[in-house]
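The structure appears below as structure tokens.
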Amino acid sequence: MNRVLKISLACALVAGVSACGTVRNALPFGLGGSEQPASTATEGTRISVLEFDQQLAPSAALAGRDFFLPGPVSVTTWSSPGGSPENLNEHVVAAPEFTVGWRRSVGSGSARDRQVMSPVVADNGRVFVMDGESTVSAVDARTGAVAWKVDVKPAGRERGGFGGGVAVGGGKVFVASGYRTMTALDQATGAVLWQSRVDSPLHGAPTVSGSRVYVIDVDNLLIAFNVNTGQQDWAFRGIVEPARILRASSPAVTGDTVIAPFSSGEVTAVRAATGQPVWQEVLSRTSRTSALSEIRDIAGRPVISRGVVYAISHSGVLTAMDVRSGNAKWELPIAGVNAPLPVGDVVYVVSKDGELTVVNRETGQVYWTRDLNEGRVRQEGGFLGLFDRTVRPEWSGPILASNRLILVNSDGEAVAFDPKTGVQTASIRLGGAVYIAPAAYDGMLYVLTDNGDLVSIR
Numbered sequence: 025m026n027r028v029l030k031i032s033l034a035c036a037l038v039a040g041v042s043a044c045g046t047v048r049n050a051l052p053f054g055l056g057g058s059e060q061p062a063s064t065a066t067e068g069t070r071i072s073v074l075e076f077d078q079q080l081a082p083s084a085a086l087a088g089r090d091f092f093l094p095g096p097v098s099v100t101t102w103s104s105p106g107g108s109p110e111n112l113n114e115h116v117v118a119a120p121e122f123t124v125g126w127r128r129s130v131g132s133g134s135a136r137d138r139q140v141m142s143p144v145v146a147d148n149g150r151v152f153v154m155d156g157e158s159t160v161s162a163v164d165a166r167t168g169a170v171a172w173k174v175d176v177k178p179a180g181r182e183r184g185g186f187g188g189g190v191a192v193g194g195g196k197v198f199v200a201s202g203y204r205t206m207t208a209l210d211q212a213t214g215a216v217l218w219q220s221r222v223d224s225p226l227h228g229a230p231t232v233s234g235s236r237v238y239v240i241d242v243d244n245l246l247i248a249f250n251v252n253t254g255q256q257d258w259a260f261r262g263i264v265e266p267a268r269i270l271r272a273s274s275p276a277v278t279g280d281t282v283i284a285p286f287s288s289g290e291v292t293a294v295r296a297a298t299g300q301p302v303w304q305e306v307l308s309r310t311s312r313t314s315a316l317s318e319i320r321d322i323a324g325r326p327v328i329s330r331g332v333v334y335a336i337s338h339s340g341v342l343t344a345m346d347v348r349s350g351n352a353k354w355e356l357p358i359a360g361v362n363a364p365l366p367v368g369d370v371v372y373v374v375s376k377d378g379e380l381t382v383v384n385r386e387t388g389q390v391y392w393t394r395d396l397n398e399g400r401v402r403q404e405g406g407f408l409g410l411f412d413r414t415v416r417p418e419w420s421g422p423i424l425a426s427n428r429l430i431l432v433n434s435d436g437e438a439v440a441f442d443p444k445t446g447v448q449t450a451s452i453r454l455g456g457a458v459y460i461a462p463a464a465y466d467g468m469l470y471v472l473t474d475n476g477d478l479v480s481i482r
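If you're matching positions, the sequence shown starts at 25 in the working numbering and goes up one per residue.
Written as structure tokens, this is what we have:
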């Protein structure tokens, strides 16, 4: 095709698309639209600055100031998706060499009709994972050898039940599945101890604490199961909200309080013994420049630390709340789908746009921010250099391990940063995209890739 023909074709395409501007603007999620504001200020026209999102800025009062981080602690069990019932392990001994130890396929990866969504858990020398088709594997933590596999799908169900996850405790593996089942397996053999049916799919992983295991279904019903019998002790109904993203959260538990995150943007505290509500807060912040802010889903796990609940919503609220009353200590306009990480004097959080922010845990002031996608943004697709799309990696984490702040991304990397400065110090390839934060156990990090590979980092 000669140069004149290319230019003529490009002009014709541009003209056609311009003529269809009304249709393009009506598409959901900004499809076909520009990232620039649709309005332009002209003489006699005013645009409210209040319509635009607030921007985070480092605090001048914290400029150049250091902050305290505790030393790393050995991890002997990673029982729930966040590592503990509180969804918190501040600083762990793990992956000091930061190299791949072994890689093992544990089943089916993500596809059109299934998704790998289950965080890794570990206990008693084994790592437990669930693939995209609800098959649970017990893997030797040191060698990667598979000890047993169990498919928890009900008889006659082969497709359409994606999601769920696993937790471990008391010699049992608890498995929530998108096939509307909660199952308890023997940790040593994989034998089914009990299986309970529920009314709606379970897309999130359970959290086990004491005599109960807690899980939230897709209709925002928080259910407490007895760990020994599988009977439902109680259930608490949140506001039903079908608009959600393809990540799922898990409750946090401390003492007699369960903190439940819902896709409606609600964070609710209930009594662990009875399910009676204690307080409720809504993490919602609507932006008139982004329709996606209407999705209020709290996909990042809430974290409990020192009597404070840290939670973040997809619609743009990061908040620190008193665990007893729900009263907010501070609030920041950050949208995210990953659990915040409170460590020492600070809270680390990653926004959905790939910005790592370090916040003073007492005041909510910002120490610094770092664009994790600097140098990683690329253009893909398009035709004759037109209509290509900008691709930015999605990030999961962080975890603070052996004095490195480690995150994984959809480009298949595990990346280490200096926790004090945010400077990248190392990266390794994992062999596949990753959308689930790493787990730490017995000096190692474990990552489950989207294609169904379990990777150990030593």
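Ideal Cβ placement from N, Cα and C applies to all residues, glycine included. In this text the structure is predicted, and so the values were computed from the model without any measurement.
Gly185 versus Arg138 - alpha carbon distance: Within the sequence shown, the letter at position 161 stands for residue 185. Within the sequence shown, the letter at position 114 stands for residue 138. Rounded to whole angstroms, Gly185 to Arg138 spans 7 Å at the Cα level.
Pairwise C-alpha distance: Thr213 and Ala171: If you number the sequence shown from 1, residue 171 lands on position 147. If you number the sequence shown from 1, residue 213 lands on position 189. Computed Cα separation, rounded: 8 Å.
Three-state class that DSSP yields for His227 in the structure shown: Taking the first residue of the sequence shown as 1, we reach residue 227 at position 203. DSSP places His227 in coil when its eight states are reduced to three.
Presumed contact (8 Å Cβ cut-off) between Val130 and Gly421, rounded CB distance: Position 106 of the sequence shown, counted from the first residue, corresponds to residue 130. Position 397 of the sequence shown, counted from the first residue, corresponds to residue 421. That belief does not hold up - the Cβ atoms of Val130 and Gly421 are roughly 20 Å apart, past 8 Å.
Through-space distance from Thr449 to Ala284, alpha-carbon basis: Locating residue 284 in the sequence shown gives position 260, where the first residue counts as 1. Locating residue 449 in the sequence shown gives position 425, where the first residue counts as 1. Near 36 Å, if we compare the C-alpha coordinates of Thr449 and Ala284.
Local Cβ density within 10 Å of Thr205, reported as buried at 16 or more and exposed below that: Here residue 205 refers to the residue found at position 181 of the sequence shown. So Thr205 ends up on the buried side.
Between the CA atoms of Lys376 and Gly168 - distance to the nearest angstrom: Within the sequence shown, residue 168 is the residue found at index 144, counting from 1. Within the sequence shown, residue 376 is the residue found at index 352, counting from 1. Taking the straight line joining both Cα atoms gives about 32 Å.
Supposed contact pair Leu469 and Ile460 - C-beta distance, whole angstroms, cut 8 Å: Residue 460 sits at position 436 when you count from the first residue of the sequence shown. Residue 469 sits at position 445 when you count from the first residue of the sequence shown. Contact flag wrong, Cβ pair sits at about 12 Å.
Cβ pair Ser288, Ile263 closer than 8 Å: For the purposes of this step, residue 288 is taken as residue 264 along the sequence shown, with counting starting at 1. For the purposes of this step, residue 263 is taken as residue 239 along the sequence shown, with counting starting at 1. In this structure, Ile263 lies closer than 8 Å to Ser288 by Cβ.
Ala272 beta carbon less than 8 Å from that of Gly234: Residue numbering aside, residue 234 sits at position 210 when the sequence shown is read from its first letter. Residue numbering aside, residue 272 sits at position 248 when the sequence shown is read from its first letter. No. Outside cutoff.
Own chain residues within Cβ distance below 7 Å of Val447, not counting five before or after: As a first step, residue 447 is located in the sequence shown; it is residue number 423 there, counting from the start. So the qualifying residues of the chain are Phe441.
Contacts around Gly331, its chain only, beta-carbon distance under 8 Å, and the 5 residues preceding and following it disregarded: Against the sequence shown, residue 331 aligns to sequence position 307. These residues qualify, in order along the chain: Asp346, Val347 and Arg348.
Distance CB(Val334)-CB(Pro366) smaller than 8 Å: The residue given as residue 334 occupies position 310 in the sequence shown. The residue given as residue 366 occupies position 342 in the sequence shown. It is worth fixing the name first, because residue 334 is Tyr in this sequence and not Val. At the C-beta level, Tyr334 and Pro366 come within 8 Å of one another.
Rounded straight-line distance, which links the Cα of Leu478 to that of Val471: If you number the sequence shown from 1, residue 471 lands on position 447. If you number the sequence shown from 1, residue 478 lands on position 454. Going by the C-alpha atoms only, they are around 6 Å apart.
Residue interval of the beta strand (DSSP E) (run including Ile452): As a working note, residue 452 is residue 428 in the sequence shown. Here the beta strand (DSSP E) through Ile452 covers Gln448 to Arg453.
Inter-stretch contact (C-beta, 8 Å, three-pair minimum) for the stretch 118-137 and the stretch 451-458: The answer is yes - the stretch 451-458 touches the stretch 118-137, with three or more Cβ pairs under 8 Å.
Local conformation of Ala81 per DSSP, three classes: Numbered from 1 along the sequence shown, position 57 holds the residue referred to as residue 81. Of the three classes helix, strand and coil, the one that applies to Ala81 here is coil, per DSSP.
Outcome for Glu386 when other beta-carbon atoms lying within 10 angstroms are tallied against a minimum of 16: The count along the sequence shown starts at 1 and reaches residue 386 at position 362. By the neighbour-count rule (16 or more Cβ atoms within 10 Å), Glu386 is not buried but exposed.
Identity of the residues DSSP links to Gly193 by a beta bridge: For the purposes of this step, residue 193 is taken as the residue at position 169 of the sequence shown. Gly193 is bridged to Lys196.
Local Cβ density within 10 Å of Gly149, reported as buried at 16 or more and exposed below that: Here residue 149 corresponds to residue number 125 of the sequence shown, with the count starting at 1. The residue in question, Gly149, is exposed, as its Cβ has fewer than 16 Cβ neighbours within 10 Å.
Leu6 (DSSP reduced to helix, strand or coil): Any question about residue 6 goes unanswered here, given that the chain covers just 25 to 482.
Three-state secondary structure assigned by DSSP to Ala212: Counting from one through the sequence shown, the residue named residue 212 turns up at place 188. In this structure, Ala212 counts as coil in the three-state DSSP scheme.
Reduced DSSP secondary structure (H/G/I, E/B, other) of Thr393: Translated into positions along the sequence shown, residue 393 becomes position 369. Strand at Thr393.
Beta-ladder partner(s) of Val333, from DSSP: Your numbering for residue 333 matches position 309 in the sequence shown. Val333 is bridged to Ile328 and Met345.
Three-state secondary structure assigned by DSSP to Val99: Reading the sequence shown from its first residue, position 75 is the one you call residue 99. Val99: coil per DSSP, three-state reduction.
Boundaries of the beta strand (DSSP E) in which Gln304 is found, first to last residue: Along the sequence shown, read from residue 1 onward, the residue named residue 304 stands at position 280. Under the DSSP assignment, Gln304 falls in the beta strand (DSSP E) whose first and last residues are Pro301 to Val306.
Stretch-stretch touch, CB-based, cutoff 8 Å, three pairs: the stretch 403-412 with the stretch 94-108: no
Those residues which DSSP pairs with Ser233 across a bridge: Here residue 233 is taken as the residue at index 209 of the sequence shown, counted from 1. Arg236, per the DSSP bridge assignment.
Cβ-Cβ separation, Ala119 to Ala425 (assumed contact under 8 Å), whole Å: Counting from 1 along the sequence shown, the entry for residue 425 is found at position 401. Counting from 1 along the sequence shown, the entry for residue 119 is found at position 95. Separation of the CB atoms of Ala425 and Ala119 is rounded to 5 Å, and the pair is thereby assigned contact status at 8 Å.
Residues sharing a beta bridge with Thr278, DSSP: Counted from its first residue, the sequence shown places residue 278 at position 254. Thr278 pairs with Thr281.
Three-way DSSP call (helix, strand, coil) for Tyr465 in this model: Translated into positions along the sequence shown, residue 465 becomes position 441. In the three-state reduction of the DSSP assignment, Tyr465 falls in the strand class.
Per DSSP, cross-strand counterpart(s) of Ile358: Here the question's residue 358 lines up with position 334 in the sequence shown. Ile358 pairs with nothing; no bridge assigned.
Which residues DSSP lists as bridging Gly149, in chain order: Here residue 149 refers to the residue found at position 125 of the sequence shown. Answer is none; Gly149 lacks a bridge partner.
Phe198 classed as buried or exposed, judged by whether at least 16 other C-beta atoms fall within 10 angstroms: Indexing the sequence shown from 1 puts residue 198 at position 174. Buried: at least 16 other Cβ atoms inside 10 Å.
Gly421 - containing beta strand (DSSP E), residue span: Taking the first residue of the sequence shown as 1, we reach residue 421 at position 397. Note, Gly421: beta strand (DSSP E), Trp419 to Ala425.
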